[in-house]
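Asks: Numbering (the UniProt record's numbering), first residue to last: 1 to 934.
Ideal placement from N, C-alpha and C gives every residue a C-beta, glycine not left out.
These numbers come from a predicted model, not from an experiment.
Got a structure for you, questions after.
Structure (structure tokens):
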């Protein structure tokens, strides 16, 4: 009987699918009758390698379709079927109408599509609704162009309607229109349809003009069954029953404001929700799985506070009727700024009260603030093309930090900007970097411009602008920019013109400079400058030299020059908050004979340039000035101390400064307890640790330097824990750190901590404890791991932190079940790859199992970039490099990551050849000839 019931259920399910299909065929047939025989149904569809469209020199768009037609409105009708087909995919039946204006007389009508099956297409006169004759159609799959060729040309400036009837597959993947699932409390699997169309995935959902600069209103209708709800960018206007389909309805949404295709939301879920409100404002509804929603309150509350703040900063009210939050388990990005419906990955907004560290709260707040700021810088004012993506990312990150600081004043905004700037300078010093403004010649296929460096460098450049023009002028210009281009699109020249119009009435720049000239030097050129400062102790003059900074030293033929804002402080006038430039440096060399600087030099006092690193450049001094800075180190504010540590190691790695001097400066860390200084210091020291992690001299020195800050941090409260310092202290063998972690671990494995390790310490305890432990400790933790569900992920990570490669090999083999890579194995592999003692074990595993790892990545939508990057951090031999090159990586973004990893390992090898011996000597010198004591 039970088997009969299963067969009956399967039969009924098949009948439902057949019924839905027949109903949709009838529905679509009815649509086609409206336009008679002027469609493409009888036309054979050729697939061509390319479609040549006449260029338009006046067009600033990256796609050739822009020269032909301008979209005026989209009307989209889509019915996603929540029933999987034999391939495991879902399907959708769709119809899209695009109202367009012809820019010239033309026989050809191009649109962007990718992976859409068009069943019929029509061209109608807008005013008469009369169908026009189609001669033939072409589909250029390589360039994502679907081209209708007309019998008679369209007339310039006339309006038409393009109607497309089509179907599409809805797959997993976190991008485009995709499905995700979760298991509810009754052990039933529930499915949702989610959209994420950035940057150019709208073309996978509907025929369109898929450029960010094309902004038009959308009318959206989504079909669903009565047990689910739909979501889009606006409010539901009306819900109607589907004719001939009981239990199914159409939700029609109000017309949106003009917006870009990548911002459209089309979703079907059965999520729970709650609403948060601010006084005298509309509420924000948060949708997500019921088990997740209670932990999203921090993010939702942050959003309600941020919206009015950014309204006030920009002088422009948020005019949409909703700004809701969708929390999903599958999303390619941490979050997506979909207009009116911000989408968050669950991992980017889940905050557990009293257990989430302060650094994690800052991370979640930054994500939320960035997405809210993008509603203005990106959604309201949109880049004309993806070549100008830095405009939206740079200004949205900048305003995210500014607004966060108003919500949480205790978070030092200078530290936030310094961390971004330091990370960006490190990445931008490599040879494979690129300019902020990188013209895109083709937008078909994945657009490879959204890298982390773009976000942090563009944020740093905007912060530099803010500091060199001043707060009042900057804010006035931004408000003018928002007002001028609201609901439209802009390129960077539009912004510079607004600045120049305001600045022409002020005395901010020298007469020969304009905002346009200054910013061209920062947006069109690769990399950034180094400012070399040499004092003449006899005359008091300062000699400045600028050059492009390369991570591995200067190049003879470097011709780049920047307009550099120069700010400074002196020992007698240490005004580090006066970040507005005192002069501009626009030549290769320059002599300064300024009173305060001359006095400082002649008095043998220190001078300090680029206050708070607000200029996007590095600074190097003569050896004497470095020594003066070291002597007065303890009197500097934390941000300046962090900047000194960052610059000395950057100068040393670039060959501008002897490592002896750099480590002499680093010796000041022994008494340092500032977390921002140690964040920067650890980042600077990790590349050196790759070569010295198993040498006693380096370990001894780091142990001495980190001891003080470890004792300070380990006594922090739960919410202020700082994992990076705890992990680093144990990594370099700090005795007290190792003792505490191992003690916690042994209590856990002996059953004394039945409720698990304190949550804020889990990763540190399991990783640092195992690193300090014995073989017996490893086996005990492995046994606990296999027979326990508590702290599963931290234990998975911890077991990969052991120092013995044979154990790490055994660990990965043990988790490889039936020749498959599971989530647990992937987490273990990440841990082993990040372990200096295990990097080659992980590399060897990847070499022999890469196809399995890629299969796992495809099935689980797991990005492999983190694994590839982790591998490169600790590898430093030619053999490592050859194995890395042999990995058969296929996805575009992972291919890019592999190229970067290969470059990184090559750089590690070259660094070892150039500096390893010198650094060893410097470390021994510091240990034996200074006042350091353990």
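So who's on the other strand from residue 196, going by DSSP bridges?
Replies: Answer is 176, bridged to residue 196.
Asks: What residue range does the alpha helix (DSSP H) around residue 403 cover?
Replies: 389-407 is the extent of the alpha helix (DSSP H) around residue 403.
Asks: Based on the DSSP secondary-structure assignment, which residues constitute the bridge partners of residue 636?
Replies: In DSSP, residue 636 forms no bridge with anything.
Asks: What separation, rounded to the nearest whole angstrom, lies between the Cα atoms of residue 246 and residue 183?
Replies: Going from the Cα of residue 246 to the Cα of residue 183 covers about 27 Å.
Asks: Report yes if the C-beta distance between residue 338 and residue 489 is below 7 Å; otherwise report no.
Replies: Taking 7 Å as the Cβ cut-off, residue 338 and residue 489 do not qualify as a contacting pair.
Asks: Spatial neighbours of residue 486 within its chain, please: CB distance less than 6 Å, with the 5 preceding and 5 following residues excluded, ordered by chain position.
Replies: Correct list, in chain order: 380.
Asks: Tell me whether the segment 90-99 and the segment 168-185 touch, counting them as touching only if at least three CB pairs, one residue from each stretch, are closer than 8 Å.
Replies: Touching, yes.
Asks: What do you get for residue 729, buried or exposed, if any count of 16 or more other CB atoms within 10 angstroms of its CB means buried?
Replies: Buried is the call here.
Asks: Return the chain-ordered list of same chain residues with a C-beta closer than 7 Å to the C-beta of residue 874, the five sequence neighbours on each side being excluded.
Replies: Taken in chain order, the residues that qualify are 690, 836 and 839.
Asks: On a CA-only basis, which of 85, 106, 96 and 99 is nearest residue 67? Give me that one, please.
Replies: Checking every option, the nearest Cα to that of residue 67 belongs to 106.
Asks: Count the other C-beta atoms from every protein chain shown that fall within 10 angstroms of the C-beta of residue 439, then say buried if there are 16 or more, exposed otherwise.
Replies: With fewer than 16 Cβ atoms within 10 Å of its Cβ, residue 439 is classed as exposed.
Asks: Is it true that the segment 310-319 meets the segment 407-419, where meeting means three or more beta-carbon pairs spaced less than 8 Å apart?
Replies: Contact between the segment 310-319 and the segment 407-419 is absent, because fewer than three Cβ pairs lie under 8 Å.
Asks: DSSP three-state label for residue 819, please.
Replies: In the structure shown, residue 819 sits in coil (DSSP, three-state: anything other than H, G, I, E or B).
Asks: Between the beta-carbon of residue 827 and the beta-carbon of residue 815, is there less than 7 Å?
Replies: Taking 7 Å as the Cβ cut-off, residue 827 and residue 815 do not qualify as a contacting pair.
Asks: Mind checking who residue 150 pairs with in its DSSP beta bridge?
Replies: DSSP, once it has assigned bridges, lists 134 as partnering residue 150.
Asks: For residue 834, I'd like the list of residues in its chain whose CB is within less than 6 Å of its CB, leaving aside the five on either flank, ordered along the chain.
Replies: Result list for residue 834: 870, in chain order.
Asks: Kindly give me the distance between the Cβ atoms of residue 793 and residue 764, rounded to whole angstroms, as I take these residues to be in contact under 8 Å.
Replies: Actually they are not in contact, since the Cβ atoms of residue 793 and residue 764 sit about 14 Å apart, beyond 8 Å.
Asks: Which runs of the alpha helix (DSSP H), 4 residues or longer, sit entirely within the segment 543-631?
Replies: With a minimum length of 4 residues, the continuous alpha helix (DSSP H) runs that stay inside the segment 543-631 are 595-602 and 623-631.
Asks: Could you check whether residue 549 and residue 564 sit closer than 7 Å to each other, using their CB atoms as the reference points?
Replies: Not closer than 7 Å, so no.
Asks: Taking C-beta to C-beta, are residue 545 and residue 589 nearer than 7 Å?
Replies: Against a cut-off of 7 Å, the Cβ pair of residue 589 and residue 545 comes out as a contact.
Asks: Taking the Cβ atom as the reference point for each residue, do residue 116 and residue 162 lie within a distance shorter than 7 Å?
Replies: In this structure, residue 162 does not lie closer than 7 Å to residue 116 by Cβ.
Asks: Give every residue of the same chain whose Cβ lies closer than 7 Å to the Cβ of residue 198, excluding the five residues on either side of it in the sequence, and list them in chain order.
Replies: The answer, listed in chain order, is 262 and 336.
Asks: List, from N- to C-terminal side, the alpha helix (DSSP H) runs of 4 residues or more that fit wholly inside the segment 495-544.
Replies: Correct list: 515-523.
Asks: Within a Cβ cutoff of 8 Å, which residues of the same chain sit near residue 26, ignoring the five residues on either side of it in sequence?
Replies: Low local confidence applies: a pLDDT of 42 at residue 26 is under 50, so the model's placement there is unreliable, with the coordinate-based value given in what follows. Counting only Cβ-Cβ distances below 8 Å, and skipping sequence neighbours, we find 244.
Asks: Is it right to say residue 211 is buried, meaning 16 or more other beta carbons lie within 10 angstroms of its own, or is it exposed?
Replies: Counting Cβ neighbours within 10 Å, residue 211 comes out buried, since at least 16 surround it.
Asks: Mark residue 416 as exposed unless 16 or more other C-beta atoms lie within 10 angstroms of its C-beta, in which case mark it buried.
Replies: By the 10 Å Cβ count, residue 416 comes out buried.
Asks: According to DSSP, what are the bridge partners of residue 306?
Replies: Answer is none; residue 306 lacks a bridge partner.
Asks: Got a sec? Which residues, its chain only, sit under 7 Å from residue 945 by beta carbon, not counting five neighbours each side?
Replies: Limits of the chain in this structure are 1 at one end and 934 at the other, which puts residue 945 out of reach.
Asks: Nearest CA to the CA of residue 817: which residue from 783, 852 and 340?
Replies: Comparing Cα-Cα distances from residue 817 to each of 783, 852 and 340, the minimum goes to 852.
Asks: From the DSSP secondary-structure annotation, give me the bridge partner or partners of residue 249.
Replies: 224 and 241.
Asks: Taking the alpha-carbon of residue 504 as reference, which of 621, 483, 230 and 473 has the nearest alpha-carbon?
Replies: For residue 504, the nearest C-alpha among the options comes from 473.
Asks: Taking contact to mean at least 3 C-beta pairs separated by less than 8 Å, is the segment 760-778 in contact with the segment 743-752?
Replies: Yes, they touch.
Asks: Which stretch, first to last residue, makes up the beta strand (DSSP E) that contains residue 231?
Replies: It spans 229-231 - the beta strand (DSSP E) in which residue 231 sits, taken as one unbroken run.
Asks: Pull up the distance between the alpha-carbon of residue 193 and that of residue 234, whole angstroms please.
Replies: Their Cα atoms are separated by approximately 17 Å.
Asks: Can you tell me which residues form a DSSP beta bridge with residue 383?
Replies: Residue 383 is bridged to 490.
Asks: Residues in its own chain within less than 8 Å of residue 923 by CB, not counting five upstream and five downstream?
Replies: Taken in chain order, the residues that qualify are 663, 692, 697, 698 and 701.
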